[in-house]
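One structure is given below, encoded as C-alpha cells.
In our numbering, the protein residues as written are 499 to 680.
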C-alpha cells in the first residue's frame, strides 16, 4: 500500500502539473487527494486480492481437507461485498460504477455532487445523520461530504474526492464515429 502524506482531515486540491503513476500488481494507492484514477487502481487491486483469496486460500484449503492433509487453517476476510459496492448492485441499489455510468451524459460539479449524494443515500448516512443503506465498506466522511466518500478497502480506508469523476468516466467518440451513429 502506498500512503503518501495522507491526512484525511486536510484534503488537498490538485496541482496544475503533470505526474507519472506506477502500478505494481498489489500497488494499492492512498494519497492525500484520491481521484477517479485511484478508485480504478484500488478496485483492480480489490479484484486481485479476491482472486488470490479464492484460489490460494479457499480452494487450496478445501483441497487439503478433501485429501486429509494436516494444516493450520488460515482465516481471511472475504472482500466480495466491497467489490459489489464498487461494481454491482447492492440490495437493488446501483453500486459506485453503475451510479457513475448513470450520469454519463451529464457534466459539471453538480453532477459529481449528485453522484456522491446518491451514494450517501444508498449506502451511508444521510446529511441529517440517519442511517439508510448501511454498507460496512462505505463510510460517510466526517468533513466535505458533498464531493467525498470513503471506502474501506482490504488494506484500509480511502477518502475519494469525486471532483471530475463524471467527466473522467466519459469516453468520447471521434467525429467520424459520431457522424456514423447520429
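Just so it is clear, CB atoms sit at the ideal spot from N, CA and C, and this is done for glycine as well.
Nothing here was measured: the structure is a model prediction, and the numbers come from that model.
Would you kindly work out how many angstroms separate the C-alpha atoms of residue i and residue j, rounded to a whole number?
| i | j | result |
| --- | --- | --- |
| residue 559 | residue 571 | 7 Å |
| residue 589 | residue 568 | 39 Å |
| residue 681 | residue 646 | With the chain covering only 499 through 680, there is no way to say anything about residue 681. |
| residue 673 | residue 534 | 26 Å |
| residue 550 | residue 655 | 20 Å |
| residue 548 | residue 650 | 15 Å |
| residue 604 | residue 644 | 17 Å |
| residue 652 | residue 579 | 11 Å |
| residue 615 | residue 555 | 37 Å |
| residue 677 | residue 606 | 25 Å |
| residue 658 | residue 531 | 7 Å |
Use the C-beta contact count for residue i: other C-beta atoms within 10 angstroms, 16 or more gives buried, fewer gives exposed.
| i | result |
| --- | --- |
| residue 660 | buried |
| residue 593 | buried |
| residue 610 | buried |
| residue 562 | exposed |
| residue 577 | buried |
| residue 553 | exposed |
| residue 584 | buried |
| residue 537 | buried |
| residue 648 | buried |
| residue 679 | exposed |
| residue 668 | exposed |
Helix, strand or coil for residue i? Go by DSSP, reduced to three states.
| i | result |
| --- | --- |
| residue 658 | strand |
| residue 532 | strand |
| residue 669 | coil |
| residue 637 | strand |
| residue 527 | strand |
| residue 652 | coil |
| residue 564 | helix |
| residue 574 | coil |
| residue 601 | coil |
At the 8 Å Cβ level, is residue i part of the contact set with chain D, yes or no?
| i | result |
| --- | --- |
| residue 540 | Here chain D cannot be found, since the structure has a single protein chain. |
Whole-angstrom Cβ separation of residue i and residue j, contact assumed at under 8 Å?
| i | j | result |
| --- | --- | --- |
| residue 543 | residue 529 | So it is not a contact: roughly 14 Å between Cβ atoms. |
| residue 613 | residue 598 | 6 Å |
What does residue i pair with, by DSSP beta-bridge criteria?
| i | result |
| --- | --- |
| residue 588 | 591 |
| residue 647 | 658 |
| residue 608 | Answer by DSSP bridge pairing: none, since residue 608 is not bridged. |
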